[in-house]
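Visitor: Going left to right, the sequence shown walks through residues 19 to 246 as this note's numbering numbers them.
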Amino acid sequence: MTSHLEKEQHISEPRINDRIRVPEVRLVGPNGEQVGIVAIRKALDLAREADLDLVEVAPQAKPPVAKLMDYGKFKYESAQKAREARKNQANMALKEIRFRLKIDEHDYETKKGHVTRFLAGGDKVKVMIMFRGREQSRPEMGMRLLNKLAEEISDLGTVESSPRVDGRNMVMVIAPVKSKADAKAEQRQASGQAKGSRAEVKSRRERQAQAKAEPAAREGAGDAEAEA
Numbered sequence: 019m020t021s022h023l024e025k026e027q028h029i030s031e032p033r034i035n036d037r038i039r040v041p042e043v044r045l046v047g048p049n050g051e052q053v054g055i056v057a058i059r060k061a062l063d064l065a066r067e068a069d070l071d072l073v074e075v076a077p078q079a080k081p082p083v084a085k086l087m088d089y090g091k092f093k094y095e096s097a098q099k100a101r102e103a104r105k106n107q108a109n110m111a112l113k114e115i116r117f118r119l120k121i122d123e124h125d126y127e128t129k130k131g132h133v134t135r136f137l138a139g140g141d142k143v144k145v146m147i148m149f150r151g152r153e154q155s156r157p158e159m160g161m162r163l164l165n166k167l168a169e170e171i172s173d174l175g176t177v178e179s180s181p182r183v184d185g186r187n188m189v190m191v192i193a194p195v196k197s198k199a200d201a202k203a204e205q206r207q208a209s210g211q212a213k214g215s216r217a218e219v220k221s222r223r224e225r226q227a228q229a230k231a232e233p234a235a236r237e238g239a240g241d242a243e244a245e246a
């Protein structure tokens with residue numbers, strides 16, 4: 019007996035090849051080229067000739083849109099992308115940085131540095147401005163500060179949640195431009211390049227030391243021969 023979950027999975031999958039039971043389809047080639055409206059028999063023949071599958075990608079269209087593709091490869095790559103997306107979402111942390119409304123330039127730059135580091139590492143950042151006393155009557159000042167920060171780090175992050183008042187605070191959430199996985203890959207690459215550079219510098223210093231030592235060694239050998 020087919021389970022409810024199996025039925026849902028079956029329904030969610032597109033119809034392929036002989037399961038496409040319509041008289042004609044709007045056919046798309048394997049590279050996205052528009053073939054045009056063709057009879058289903060001709061579309062299936064073209065799929066067999068190219069050793070590909072005919073996959074219904076837009077069943078609600080009139081006529082339905084079908085594409086020539088390697089469906090097994092497509093499913094595998096889609097599963098890989100979905101798995102990677104879930105992994106990135108699970109690994110992404112939400113960091114929090116708090117600002118005072120009347121923050122001096124040094125503290126502002128320090129905290130902005132923390133925001134930059136978190137975003138470069140692939141994490142979201144919740145930026146919070148805490149209002150004191152009468153500062154609550156000046157929300158526009160908090161808005162200016164948050165917008166200034168968002169503009170200055172725009173190459174690393176984008177505003178996911180615009181500034182909003184939350185009790186005595188104003189909050190904004192910034193999402194990283196790069197995924198957690200991409201950030202880690204870049205960090206590993208940079209670390210490898212740094213190690214390579216250090217090894218190259220060490221090797222160059224050793225060659226220079228050896229080059230300096232060789233004339234002295236030859237001179238010492240010459241003196242020994244003269245004494246002999």
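Where is the CB? At the ideal position from N, CA and C, for every residue including glycine. No experiment lies behind these values; they were computed from the predicted model shown.
For residue 175, count neighbouring C-beta atoms within 10 Å of its own C-beta (all shown protein chains included) and say buried if the count is 16 or more, exposed if not.
Guide: Looking up residue 175 in the sequence shown gives position 157. Buried.
Visitor: Taking residue 164 and residue 143 to be in contact with their CB atoms under 8 Å, please state how far apart those CB atoms are, rounded to whole angstroms.
Guide: Position 146 of the sequence shown, counted from the start, is the residue given in the question as residue 164. Position 125 of the sequence shown, counted from the start, is the residue given in the question as residue 143. Contact between residue 164 and residue 143 is ruled out by a C-beta separation of about 11 Å, above the 8 Å threshold.
Visitor: Below 8 Å on the Cβ atoms is my contact criterion, and I expect residue 33 with residue 74 to pass it. Report the Cβ-Cβ distance as a whole number of Å.
Guide: Here residue 33 refers to the residue found at position 15 when the sequence shown is read from its first residue. Here residue 74 refers to the residue found at position 56 when the sequence shown is read from its first residue. Right, their Cβ atoms sit about 4 Å apart.
Visitor: Distance, Cα to Cα, residue 194 vs residue 99?
Guide: Translated into the one-based positions of the sequence shown, residue 194 becomes position 176. Translated into the one-based positions of the sequence shown, residue 99 becomes position 81. Each residue's Cα considered, the two are about 19 Å apart.
Visitor: Between residue 41 and residue 80, what straight-line distance do the alpha-carbon atoms span, to the nearest angstrom?
Guide: Counted from its first residue, the sequence shown places residue 41 at position 23. Counted from its first residue, the sequence shown places residue 80 at position 62. The straight-line gap from Cα to Cα measures roughly 11 Å.
Visitor: List the endpoints of the continuous alpha helix (DSSP H) containing residue 64.
Guide: If you number the sequence shown from 1, residue 64 lands on position 46. Start and end: 58 to 67.
Visitor: Where does the unbroken alpha helix (DSSP H) through residue 165 begin, and where does it stop?
Guide: Residue mapping note: residue 165 aligns to position 147 of the sequence shown, counting from 1. Counting along the chain, the alpha helix (DSSP H) containing residue 165 begins and ends at 157 to 170.
Visitor: Cβ atoms of residue 72 and residue 62: under 7 Å apart, would you say?
Guide: The sequence position of residue 62 within the sequence shown is 44, counting from 1. The sequence position of residue 72 within the sequence shown is 54, counting from 1. Note that the C-beta distance between residue 62 and residue 72 is below 7 Å.
Visitor: For residue 179, does the three-state DSSP call read helix, strand or coil?
Guide: Position 161 of the sequence shown, counted from the start, is the residue given in the question as residue 179. In the structure shown, residue 179 sits in a strand (DSSP, three-state: E or B).
Visitor: Looking only at C-alpha atoms, which of 226, 161, 93, 119 sits nearest to residue 179?
Guide: Here residue 179 refers to the residue found at position 161 of the sequence shown. When each option's Cα is compared against that of residue 179, the closest is 161.
Visitor: Does the distance from the CB of residue 119 to the CB of residue 159 come in under 7 Å?
Guide: Working through the sequence shown from its first residue, we reach residue 119 at position 101. Working through the sequence shown from its first residue, we reach residue 159 at position 141. Yes. Within cutoff.
Visitor: Give a yes or no on whether the C-beta atoms belonging to residue 105 and residue 141 are separated by under 7 Å.
Guide: Locating residue 105 in the sequence shown gives position 87, counting from the first residue. Locating residue 141 in the sequence shown gives position 123, counting from the first residue. The answer is no: Cβ separation not under 7 Å.
Visitor: Shortest alpha-carbon distance to residue 66 belongs to which of 134, 147, 92, 85?
Guide: Position 48 of the sequence shown, counted from the start, is the residue given in the question as residue 66. Cα-wise, what sits closest to residue 66 is 85.
Visitor: I need the boundaries of the beta strand (DSSP E) containing residue 144, first residue and last residue.
Guide: Residue 144 sits at position 126 when you count from the first residue of the sequence shown. Counting along the chain, the beta strand (DSSP E) containing residue 144 begins and ends at 142 to 148.
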